[in-house]
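2 protein chains.
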Amino acid sequence: MSEKTLAYLQEKRSSLLDKLNEFLSIPSVSTSKEHKEDIHKAADFIVNYLNEIGFDKVEKQQTKGHPLVYAEYNEAGPEAPTVLFYGHYDVQPVDPVELWESDPFQPEIRDGRLYARGSSDDKGQVFMHLAVFEAYMRTEGKLPLNVKVCIEGEEEIGSENLYEILQEKKEMFQADFAVISDSGMIAKNQPTILYGLKGFTGIEINVTGPDHDLHSGMYGGAIRNPLMALSHILASMKNQDEVVTVDGFYNDVEPLSGHERKLIDQVHGEDYTISTGVKETVSEKGYTAKEHTMARPTLEINGMFGGYQGEGTKTIIPSSATAKITCRLVPGQDPVKIQQLLEEHINKVAPTGVNVEVKKEKLSAKAYKVEPEHALIQKAAASYSKAFGKDTVYVRMGGSIPVVEWIEDIYNIPIVLLGFGTPDDRLHSPNESFPMDSFEKGMETLVYYWNEVIK
Amino acid sequence: MSEKTLAYLQEKRSSLLDKLNEFLSIPSVSTSKEHKEDIHKAADFIVNYLNEIGFDKVEKQQTKGHPLVYAEYNEAGPEAPTVLFYGHYDVQPVDPVELWESDPFQPEIRDGRLYARGSSDDKGQVFMHLAVFEAYMRTEGKLPLNVKVCIEGEEEIGSENLYEILQEKKEMFQADFAVISDSGMIAKNQPTILYGLKGFTGIEINVTGPDHDLHSGMYGGAIRNPLMALSHILASMKNQDEVVTVDGFYNDVEPLSGHERKLIDQVHGEDYTISTGVKETVSEKGYTAKEHTMARPTLEINGMFGGYQGEGTKTIIPSSATAKITCRLVPGQDPVKIQQLLEEHINKVAPTGVNVEVKKEKLSAKAYKVEPEHALIQKAAASYSKAFGKDTVYVRMGGSIPVVEWIEDIYNIPIVLLGFGTPDDRLHSPNESFPMDSFEKGMETLVYYWNEVIK
Chain A
77 MSEKTLAYLQ
87 EKRSSLLDKL
97 NEFLSIPSVS
107 TSKEHKEDIH
117 KAADFIVNYL
127 NEIGFDKVEK
137 QQTKGHPLVY
147 AEYNEAGPEA
157 PTVLFYGHYD
167 VQPVDPVELW
177 ESDPFQPEIR
187 DGRLYARGSS
197 DDKGQVFMHL
207 AVFEAYMRTE
217 GKLPLNVKVC
227 IEGEEEIGSE
237 NLYEILQEKK
247 EMFQADFAVI
257 SDSGMIAKNQ
267 PTILYGLKGF
277 TGIEINVTGP
287 DHDLHSGMYG
297 GAIRNPLMAL
307 SHILASMKNQ
317 DEVVTVDGFY
327 NDVEPLSGHE
337 RKLIDQVHGE
347 DYTISTGVKE
357 TVSEKGYTAK
367 EHTMARPTLE
377 INGMFGGYQG
387 EGTKTIIPSS
397 ATAKITCRLV
407 PGQDPVKIQQ
417 LLEEHINKVA
427 PTGVNVEVKK
437 EKLSAKAYKV
447 EPEHALIQKA
457 AASYSKAFGK
467 DTVYVRMGGS
477 IPVVEWIEDI
487 YNIPIVLLGF
497 GTPDDRLHSP
507 NESFPMDSFE
517 KGMETLVYYW
527 NEVIK
Chain B
77 MSEKTLAYLQ
87 EKRSSLLDKL
97 NEFLSIPSVS
107 TSKEHKEDIH
117 KAADFIVNYL
127 NEIGFDKVEK
137 QQTKGHPLVY
147 AEYNEAGPEA
157 PTVLFYGHYD
167 VQPVDPVELW
177 ESDPFQPEIR
187 DGRLYARGSS
197 DDKGQVFMHL
207 AVFEAYMRTE
217 GKLPLNVKVC
227 IEGEEEIGSE
237 NLYEILQEKK
247 EMFQADFAVI
257 SDSGMIAKNQ
267 PTILYGLKGF
277 TGIEINVTGP
287 DHDLHSGMYG
297 GAIRNPLMAL
307 SHILASMKNQ
317 DEVVTVDGFY
327 NDVEPLSGHE
337 RKLIDQVHGE
347 DYTISTGVKE
357 TVSEKGYTAK
367 EHTMARPTLE
377 INGMFGGYQG
387 EGTKTIIPSS
397 ATAKITCRLV
407 PGQDPVKIQQ
417 LLEEHINKVA
427 PTGVNVEVKK
437 EKLSAKAYKV
447 EPEHALIQKA
457 AASYSKAFGK
467 DTVYVRMGGS
477 IPVVEWIEDI
487 YNIPIVLLGF
497 GTPDDRLHSP
507 NESFPMDSFE
517 KGMETLVYYW
527 NEVIK
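If you read the protein sequences in the order shown, they are chains A and B.
Just so we're aligned: the first sequence equals residues 77 to 531 in our numbering.
Just so we're aligned: the second sequence equals residues 77 to 531 in our numbering.
And the structure:
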């Protein structure tokens, strides 16, 4: 049954790639208002594609922010299971654009990789699902199971409206299980089941001092420098052993069992010094870098700015300083409680002479974990292995997908994370790419999986 | 003799103001290449004005950077002293331009102040000198003393080429004493003799980590965050008691005598909480804010940046982080030695896992002090008091004027700092302004001073 479908994907390789490139060429950056039209263009692309494929009901749903594409396929019959397929069509900003070797919105294949913003995260992976649906419809005249499609345009800005929509339209999105392809494998062509994700929370710290930038000669010595005050605050939050020094931060962390530390040790992941160019890795005292990235919480400064940033010197005491911080959380930790602990710590250490404000980001998610033994997980692993010709490994990862927490929270259904990205994809960075191998073997995995699931 | 000259300045008030506004309207920002033409326009304005006034020799001298205006007036005869008048026609950048209440390059008078970039620092004060020269020539047919004019276009970028020029053309710039009006009074209409200036030195710290921005979920826990590393470095350089914690920083500082602490205590300077909007001042442990600003060294972060600075959240570990630091130095401290101490400290505390580079700024100056009892200083104080109707006070200030150190170093002549700015001028900030009172009484002071000097 799947042979014809696989053959179709082979035959149509070139026209499918053209279609994917058309999708990737739309600069659907969600963080910036200037791309509003492109966001709609990307949503319309999916709507048109799903209509062409022959879905029963296809809608561009308006939200308070960017539109969500919803679709249903119900012809597999009442006996067949229903899958909720989630993905996102929005992408990260491209800055600094000068570091891209080719235009981020003019896809280009180099050395077996397709370079474009969104090629891996997540337009490329969404497209694989659509192509597989097309292949099934054109060869079998139907899909093996019922499908609900939910492709949003706000993932990169924290899926601001999705939770409310999923809650309000609970009936509409109800399914037997969910599949998400917005993650990766631990190495190229290494089938990987992701059974745990970290949670997420964030704050912004704003330090304000004088009401205007001051001449450092005239005022230096009388005025607290907001950048120095902020540096003191930040340095007090994590020490050089990479241990977060905020009171209570680790209180609710589920301890890492000896068994799981062994499992983690067995994963042969990427060599960070090669993939990131650092001379040496660091990690929380008492834990390896693999343990820390997969299963221990982290705190990172994502951005910081204040004062003069141009050419040359400007001898000022700046009037303000800002830092953006996010934490990745593990099972047991509550994002809202962590925000509260961060705020309390900051207020406690804030120096005199400046005003320190903590803005709590709305975006947050609890960590997620599923049992690797679940049948839907085992079938996914088998499909993966068949397509890639290699045993599947089971890992936890540090990435956060808020929608995973929400689907679990609202629907309490199993969630299968079928990711095909690789460590070299440079998500969120210049020169994002996706291996052509992942496209082909990934689609093969999906063809097998839909067949397995109905057995 | 000075009455006619003073009357001329009164009569021509309106046309002189028009002329000043024309000068201030030229955006002669020296830090940025895009204003190269404006820099030349400002230099040409001065050249034309000096020619109109009737100087004997007027030249726009090319340098490796922005041009320098040189002029001579030699008609006062061999018995009369020769003054070297130094000023600068370049200005600071105007960013953030949205905070200006009127266009920085369309001068506007509001509440007795002239608002424009450069109105105080230093185009406005340079113009006062030119107007007084004009007034003398039009009323007396000559100037009371011989004059050499040196008005540069690179003060705000560290007077990069001036030292070399002053050294190479030693004969040309040789004079009996120097006058500089690029500073201020401690309060509006409070005649102030500035007998000491701080020195200056600067560094830039560049911390680089991964070779591209990383996804904080995938890499958080294995990679040292350059912004956190930089925060640790910066926090280690000054504690919350405002004491610089760099080994050896205070070693060569001349101790502050009890007598001088008393003099400083008697100065009734600005109320920093009013002029800067801070709730409370801070200062080095063991010293008052006045003592710290006037006579103790300082270390300030002038600017800092790294990672994502746009709207919303971007969950990255940034690939780099930068901080710009300058120190204000007091007599005894050597700028180059201080740079060396800063670099050694930074290398000592730099965390593993990142690369830390210290770039030493070329711009630097030793602190300067002159005896308040010198005759040229006493005559200046008398002229000030006569014009403003108030006793002159003697202060040291935290600002640095590298040219002061160089003139002393190369020519070893007395330097008189005749500044007319006020604490509310917002130098280097949005809404820079200069009191109209300072223009009028300042020009009066100069008319008296040139008369006094020849006695």
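Ideal Cβ placement from N, Cα and C applies to all residues, glycine included.
Tell me the residue span of the beta strand (DSSP E) that contains residue i.
i        : result
PRO411/A : Counting along the chain, PRO411/A falls outside any beta strand (DSSP E), though it belongs to the alpha helix (DSSP H) covering 411-425.
PRO220/A : Element bounds for PRO220/A: n/a, residue is neither H nor E.
HIS164/A : 158-164
ASN97/A  : Note, ASN97/A: premise wrong, no beta strand (DSSP E); alpha helix (DSSP H) at 89-100.
ARG189/B : 189-191
ALA147/B : 144-149
PHE253/B : 253-256
THR357/A : Taken as a continuous stretch (DSSP letters only), THR357/A belongs to no beta strand (DSSP E), as it is neither H nor E.
LEU405/B : 396-405
LEU303/A : No beta strand (DSSP E) contains LEU303/A, which is instead part of the alpha helix (DSSP H) from 302-311.
MET380/A : 374-383
Can you grab the Cα-Cα spacing for the pair residue i / residue j, in whole Å?
i        : j        : result
GLY229/A : LYS140/A : 11 Å
PRO407/B : ASN315/B : 23 Å
SER440/B : PHE249/B : 22 Å
ASN265/B : PRO511/B : 9 Å
ILE281/B : ALA397/B : 8 Å
LYS224/A : VAL425/A : 50 Å
PRO103/B : PHE181/B : 6 Å
GLY382/B : ILE393/B : 10 Å
VAL434/A : THR402/A : 13 Å
LEU219/B : PHE209/B : 7 Å
THR364/A : VAL446/A : 23 Å
ALA83/B  : GLN415/B : 51 Å
GLU232/B : VAL167/B : 6 Å
Short of 8 Å in beta carbon distance, which residues of its chain neighbour residue i, apart from the five on each side in sequence? Order them along the chain.
i        : result
VAL319/A : GLU360, LYS361
MET380/A : LEU306, LEU310, ALA397, THR398, ALA399, LYS400
LYS355/A : THR349
PHE464/A : ASN265, GLN266, PRO267, LYS517, THR521
ALA156/A : PRO220, LEU221, ASN222, ILE530
GLU151/A : ASP132, LYS218, LEU219, ASN222
If I follow the unbroken alpha helix (DSSP H) through residue i, where does it start and stop?
i        : result
TYR348/B : 348-352
ASN527/A : 512-529
PHE131/B : Unbroken run through PHE131/B: none, as it is neither H nor E.
GLY334/A : 334-342
VAL479/B : 478-487
TYR295/A : 292-295
Assign residue i to buried or exposed, taking buried as 16 or more other Cβ atoms, counted over all protein chains shown, within 10 Å of its Cβ.
i        : result
LYS366/B : buried
LEU175/B : exposed
ARG308/A : Reading the sequence as shown, one finds His at residue 308/A and not Arg. So HIS308/A counts as buried.
ARG186/A : exposed
ALA451/B : exposed
SER91/B  : exposed
GLY475/A : buried
In chain order, what residues of the same chain have a beta carbon less than 6 Å from the beta carbon of residue i, not counting five sequence neighbours either side?
i        : result
ALA443/B : LYS274, GLY275, LEU405, VAL406, PRO407
ASP114/A : ILE102, PRO103, SER104
Please work out which residues of its chain come closer than 7 Å, Cβ to Cβ, to residue i, disregarding the five sequence neighbours upstream and downstream, and give them in chain order.
i        : result
GLN243/A : ILE486
(request) Report the residues of the stretch 455-479 of chain B with a CB closer than 8 Å to any CB of chain A, ordered along the chain. (result) MET473, GLY474, GLY475, SER476
(message) By the 7 Å beta-carbon criterion, what residues does the stretch 132-148 of chain A contribute toward chain B?
(response) none
(request) Check each residue of the stretch 501-512 of chain A: if its Cβ is closer than 7 Å to any Cβ of chain B, include it; give the result in chain order. (result) ARG502, LEU503, HIS504, SER505, PRO506
(message) To be precise: take each residue of the stretch 264-291 of chain B, compare its Cβ to all Cβ atoms of chain A, and keep it if any distance is under 7 Å. Which residues remain?
(response) LYS274, GLY278, GLY285, PRO286, ASP287, HIS288, ASP289, LEU290, HIS291
(request) Check each residue of the stretch 313-327 of chain A: if its Cβ is closer than 9 Å to any Cβ of chain B, include it; give the result in chain order. (result) Hits within the stretch, in order: MET313, LYS314, ASN315, GLN316, GLU318.
(request) Taking a Cβ distance cut-off of 7 Å, strictly less, list which residues of the stretch 181-193 of chain A are near chain B, in chain order. (result) none
(request) Scan the stretch 418-451 of chain A for residues whose Cβ lies nearer than 7 Å to a Cβ of chain B and list them as they occur along the chain. (result) PRO427, THR428, GLY429, GLU437, LEU439
(message) By the 7 Å beta-carbon criterion, what residues does the stretch 361-384 of chain B contribute toward chain A?
(response) Listed by position, the residues of the stretch 361-384 of chain B near chain A (Cβ gap below 7 Å) are ALA365, HIS368, THR369, ARG372, THR374, GLU376, ILE377, ASN378, GLY379, MET380, PHE381, GLY382, GLY383, TYR384.
(request) Note down, in chain order, all residues in the stretch 400-414 of chain A with a beta-carbon under 7 Å from any beta-carbon belonging to chain B. (result) LYS400, THR402, ARG404
(request) Give, in chain order, every residue of the stretch 336-359 of chain B whose Cβ lies closer than 8 Å to some Cβ of chain A. (result) TYR348, THR352, GLY353, VAL354, LYS355, GLU356, THR357, VAL358, SER359
(request) Taking a Cβ distance cut-off of 9 Å, strictly less, list which residues of the stretch 93-119 of chain B are near chain A, in chain order. (result) Of all residues in the stretch 93-119 of chain B, only SER106, THR107, SER108, LYS109 come within less than 9 Å of chain A when Cβ atoms are compared, listed by chain position.
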